[in-house]
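Here the sequence shown is numbered in full-length UniProt numbering, starting from 3 and rising by one per residue.
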Amino acid sequence: DMRPNDLKAYWMPFTANRQFKQAPRMVVGAEGMYYKLADGRDLMDGIAGLWCCNAGHKRPRIVEAIRKQAGELDYSPAFQMGHYKAFELANRLANLMPGDLNTVFFTNSGSESVETALKIAIAYHRARGEGHRTRLIGREKGYHGVNFGGMSVGGMPANRKMFGALVAGVDHMRHTHGIAENRFSRGQPDHGAELADDLERLCQLHDPSTIAAVIVEPLAGSAGVILPPKGYLERLRAICDRHGILLIFDEVITAYGRLGAPFAVDYFGVEPDIVATAKGLANGVIPMGAVFVQENIHDAFMSGPETMVEFFHGYTFSGNPMACAAALATLDTYEEEDLFEKGRVLGDYWADAVQSLKDCPNVIDLRNLGLIAGIELEPIAGAPTKRAFDAFLRAYEKGLLIRTTGDIIALSPPLIIEKAHIDFAFDTLRAVLREVA
Ligand code: PMP
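Set out below in C-alpha cells:
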C-alpha cells in the first residue's frame, strides 16, 4: 500500500518530472494500445511509452522470446566472446536498412548510440590521416540525449546550461520553425529548405576541413515534432559531400516504422553516413540501440593502424543475448503485422484527424507525418508550458496519454493503432482543447 510520494527516497524518476512538482502517475500493467492505471482505469497510449513501444505493449511473441532466451543463454560479453543472436540481428538489420549502411554496432540507449556515432565519425577521419577533423555540428532544437556529446550537439540550451562548457569544437546550425507560410501544412512543409545553407555559414566561419560531422534528427521529435522542409535533408547531404563532412542521422525516434517506412532514410530517400537508432528496436521492452555505419567508413576506421589501437569503444551490455532476442522478436512482430506500412496505410486518416483540430481554440500550428503529430498551442502570456500541461492533465483524466514539450503536444502512438483509436484520441483532444481555452 505504498503511495507514490513514499517512493521518492528510493527511486529518482526522470528528473524533468520536478518541473511539474508532481509524483508520477502509477501504472500497474499494459497491453496492446493501453496502460492499466493503479486505480483500475485504462489509459490509451498516445506516445508509445516514450516514442518506443511501436508494436504496442506486452506482445506475446516478444514476451515468449525473452522467456526462452533467459532459459538458454542469459548473458555473454561482446568482449572477446560472441553469440549467434547478435550476428543474426546485425544481419537482419543490415538487410532492412537501405544502401551500404551495413555494419551495425549495438548500444543500450539513444544517448549511447549518439556518442558512438560521434566517436566513429572522428575515428574515421583520423584513420584517413585527417586527425584535425574533430569539430561537430548540431542544430538548434535538436535533441540527442543526455550524455556529454549528445547534450553538446543538442540544440536545447536549457538542457545543458548548468554544465558550462560543452564538448570542445561544437556549433549549431540555426533552425527556425513555424515559418508563417508553413503553418498547418499537411505533411512536409514546402518552405525553408534554405535553412540547410546555415551549414555553409559555419563552413565559412571555421575551415570546413576541421569539421568531422553534422548530426540532425531527420524529424526533430523532442523539440515538438518539427518536420524537415522539402529538400532540406538533400541540401545538407550535398553540403556535407562538398566538404568531406560526414552526415549522421539521429533516427532514435524515426526508425522502426514511425513514418510508414522502416527508417527515415527510406522515407526521405537521403542516405547519411551513420544512423543512430534505439527506442523501437526492442519495442522498449529491453534497453537496446543500434548504430548503422557505411561499410567503407567502417573499413577505414577499423583498418587504420592507429585507430585499431586507439578506438576503444564498447559497452558491457552491447548486443547482450536478452536484448538481441527481444529485438529479433520485435522485428518479427513489425514484419508479420506490416507495422512498417501502417504510417502509410493510415497516413491520410491520421493527417485528416490532426488537421481537424485547426478550429480548436489556441491551436497555432498542426504538424503531421507518418504516425506522428505536433499540436502547437499559443502559450499563455507569462505562463509558458501551462496550457499544454493543463491539456496533458485533462487528457489523462479522459483516458489518453500524450506528451508535451513546451506548449506543443506530441503524439506518436503504437503502430498497432486502428481508426477507432484515432477517433478516440482526437475526440478527446478536441474536448480537452475546448476545456483548456
Ligand atoms: N536522440 C533522440 C532523437 C531522441 O529522441 C532521444 C530520446 N528521446 C535520444 C536521442 C536519447 O535516447 P535515450 O533516452 O534512449 O538515451
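Note that beta-carbon positions come from the ideal geometry of N, C-alpha and C, so glycine has one too. Given the structure is predicted, the values throughout are model-derived calculations rather than measurements.
- Relative to the ligand PMP, the nearest heavy atom lies less than 8 Å away from the CB of L52.
- Contact holds between the region 240-259 and the region 278-285, because three or more Cβ pairs, one in each stretch, are under 8 Å apart.
- Taking 9 Å as the cut-off, the Cβ atoms of A393 and I411 count as close.
- Per the Cβ contact rule, the region 257-270 is in contact with the region 367-376 (3 or more Cβ pairs under 8 Å).
- With contacts defined as CB atoms closer than 9 Å, R185 and D350 fail to qualify as a contacting pair.
- Between H146 and I217, the gap from beta carbon to beta carbon is short of 9 Å.
- Apart from the 5 residues on each side of it in sequence, Y36 sits with its Cβ closer than 7 Å to the Cβ of D44, L45, M46 and D47 in its chain, given in chain order.
- Contact check between the region 154-169 and the region 235-242: fewer than three CB pairs, one atom from each, fall below 8 Å, which does not count as touching.
- Fewer than three Cβ pairs drawn from the region 79-89 and the region 109-117 lie within less than 8 Å of each other, which leaves the two stretches out of contact.
- Taking C-beta atoms as the reference points, I418 and L341 count as a pair closer than 9 Å.
- Segment contact: the region 94-107 against the region 294-314, three or more CB-CB distances shorter than 8 Å; contact assigned.
- The ligand PMP never approaches Y317 closely enough for any of its heavy atoms to be under 8 Å from the residue's Cβ.
- Residue environment: N93 is assigned as exposed (fewer than 16 neighbouring CB atoms within 10 Å of its CB, all protein chains considered).
- In the three-state scheme derived from DSSP, where H, G and I count as helix and E and B as strand, H127 is classed as helix.
- With a cut-off of 8 Å, the C-beta of I255 is classified as near the ligand PMP, since at least one heavy atom of the ligand falls inside that distance.
- Of the candidates G31, F165, V272 and V169, the residue whose Cα lies closest to the Cα of P100 is V272.
- With fewer than 16 other Cβ atoms inside 10 Å of its own Cβ, Y86 counts as exposed.
- If you check the CB distance, E380 and V356 do not come in under 9 Å.
- In the DSSP assignment, A422 falls within the alpha helix (DSSP H) that extends over K421 to V438.
- Listed as beta-bridge partners of F251 by DSSP are V218 and V277.
- DSSP lists I213 as the beta-bridge partner residues of R137.
- Approximately 6 Å separates the beta-carbon atoms of T430 and A397; this is inside 8 Å, confirming the contact.
- A distance below 9 Å separates the beta carbons of L333 and L91.
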